[in-house]
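Asker: Okay, so the sequence shown: first residue is 511 according to the working numbering, each after it adds one.
Structure in structure tokens, see below.
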Amino acid sequence: MDSLIALFQHLLHADQYLAAFVAGNGVWVYAVLFAVIFIETGVVVMPFLPGDSLLFIVGATAATGLLDISMALGVMFAAAVLGNQTNYTIGRWIGPRVFHWENSRWFNKQGFDKSHAFFEKYGGVALIAGRFMPFVRTFAPFVAGVTLMTRRRFTLFDVSGAALWIGSVTLLGYAIGNLPWVKGHLPWIFLAMIIIPAVAALVGVLRQKKRPA
């Protein structure tokens with residue numbers, strides 16, 4: 511229980527921790543931002559990282575002058591593109607045998623199946639829209655690799671999706687980050703951006719498990 515309370519307190523004051531980290535670590539914060547975005551988009555077993563909330567908080571922090579907005583956008587855009595390229599390459603290497611994998615600690619079968627169905631329905635557009643959807647964001651490039659989408663076509667959607675995702679969410683935080691109401695409720699906004707997708711994902715997993723085989 512104490513651990514949960516401590517975690518809640520850290521999440522509730524995430525904006526303050528980020529500001530303190532930026533002030534104390536200078537340019538290293540950009541390396542951390544690159545690593546988090548790259549891991550979320552490039553490692554298929556890490557779909558739970560809070561990418562959307564991180565982008566918003568980075569934008570809001572940049573609005574206070576603690577971060578260089580141009581540098582942050584460039585670093586995170588590069589991480590998002592390279593992460594997806596890595597994920598796609600892993601998918602091509604593994605190939606169709608992934609369809610026979612079972613759910614495990616390291617592989618979210620429900621997340622993969624959801625992303626595969628979304629990709630089959632919408633094709634390359636799923637790589638753009640999927641940027642704004644937790645789990646799908648991580649699995650969509652992997653599915654594109656598994657289904658052998660050409661590298662050239664994948665890169666077109668990869669770059670477009672990364673630009674829209676990184677740009678829109680980060681600049682939203684930057685644009686409204688200094689508004690009094692937003693500044694006063696920033697920790698709660700951050701919490702909502704983590705909890706709502708997590709609850710939605712949990713509900714989806716539970717529904718999947720209840721379906722008859």
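Glycine is no exception: its CB is placed at the ideal position from the N, C-alpha and C atoms.
Which residues in the same chain have their Cβ closer than 6 Å to the Cβ of tyrosine 684, if we skip the five residues on either side of it in sequence?
Answerer: Contacts found: Gly569, Ala572, Ala573 and Ile579.
Asker: Give the range of the alpha helix (DSSP H) segment to which valine 669 is assigned.
Answerer: From DSSP, the alpha helix (DSSP H) with valine 669 extends over 661-686.
Asker: Does the distance from the C-beta atom of phenylalanine 587 to that of isoleucine 676 stay below 8 Å?
Answerer: Their beta carbons are under 8 Å apart, which means phenylalanine 587 touches isoleucine 676 by this criterion.
Asker: When the Cβ atoms of the segment 652-667 are set against those of the segment 591-607, are three or more pairs found closer than 8 Å?
Answerer: In short, these stretches touch, since the Cβ pair count reaches three.
Asker: By the DSSP assignment, the alpha helix (DSSP H) with threonine 599 in it spans what residues?
Answerer: From DSSP, the alpha helix (DSSP H) with threonine 599 extends over 579-604.
Asker: Could you name the residues of the same chain whose beta carbon sits closer than 6 Å to that of glycine 552, not counting the 5 residues immediately before and after it, in chain order?
Answerer: Gly593, Thr596 and Asn597.
Asker: By how many angstroms is the C-alpha of glycine 633 removed from the C-alpha of leucine 514?
Answerer: In this predicted model, leucine 514 has a pLDDT of only 49, less than 50, meaning its place in the structure is not dependable enough to derive any value.
Asker: Answer yes or no: does any C-beta atom of chain D fall closer than 8 Å to that of threonine 596?
Answerer: No chain D is present in this structure, which holds just one protein chain.
Asker: Which whole-angstrom value is the C-beta distance of threonine 648 and leucine 583, which I expect to be below 8 Å?
Answerer: Not a contact, Cβ separation roughly 21 Å.
Asker: Using C-beta distances below 7 Å, list every residue in its chain close to alanine 636, excluding the 5 sequence neighbours before and after it, in chain order.
Answerer: Phe628, Phe629 and Ala650.
Asker: Just to confirm my understanding: we take valine 692, look at its own chain, exclude 5 residues before and 5 after, and list those with CB closer than 8 Å. What are they?
Answerer: Result list for valine 692: Ala570, Ile686 and Ile699, in chain order.
Asker: CA-CA distance, leucine 689 and leucine 564?
Answerer: Rounded to whole angstroms, leucine 689 to leucine 564 spans 18 Å at the Cα level.
Asker: What is the DSSP secondary structure of phenylalanine 645, counted as helix, strand or coil?
Answerer: Phenylalanine 645: coil per DSSP, three-state reduction.
Asker: Report the option in Val591, Val539 and Leu701 whose CA atom is closest to the CA atom of serine 670.
Answerer: Serine 670 has its Cα closest to that of Val591, out of Val591, Val539 and Leu701.
Asker: Aspartate 562: which of Arg641, Ala654 and His695 sits nearest, CA to CA?
Answerer: When each option's Cα is compared against that of aspartate 562, the closest is Arg641.
Asker: Going straight from the alpha carbon of glycine 694 to that of leucine 701, what length do you get?
Answerer: If you take the alpha carbons of glycine 694 and leucine 701, they lie about 13 Å apart.
Asker: Once the 5 residues before and after leucine 666 are set aside, which same chain residues still bring their CB inside 8 Å of it?
Answerer: Closer than 8 Å at Cβ, skipping near neighbours: Gly634.
Asker: Roughly how many angstroms separate the alpha carbons of phenylalanine 652 and aspartate 668, rounded to a whole number?
Answerer: For phenylalanine 652 and aspartate 668, the distance between alpha carbons rounds to 12 Å.
Asker: Mind checking which residues open and close the alpha helix (DSSP H) that includes valine 546?
Answerer: Where valine 546 is concerned, the enclosing alpha helix (DSSP H) stretches over 538-552.
Asker: Alpha carbon to alpha carbon, how far is isoleucine 539 from phenylalanine 531?
Answerer: Before going on, a small fix: residue 539 reads as valine here, not isoleucine. Cα to Cα, the separation comes out at about 7 Å.
Asker: Within 10 Å of its beta-carbon, does alanine 589 have 16 or more other beta-carbons around it, so buried, or fewer, so exposed?
Answerer: Its Cβ being crowded by 16 or more others within 10 Å, alanine 589 is buried.
Asker: Pick out whichever of Ala541, Leu682, Asn535 and Glu550 has its Cα sitting closest to the Cα of valine 646.
Answerer: Per the Cα distances, Glu550.
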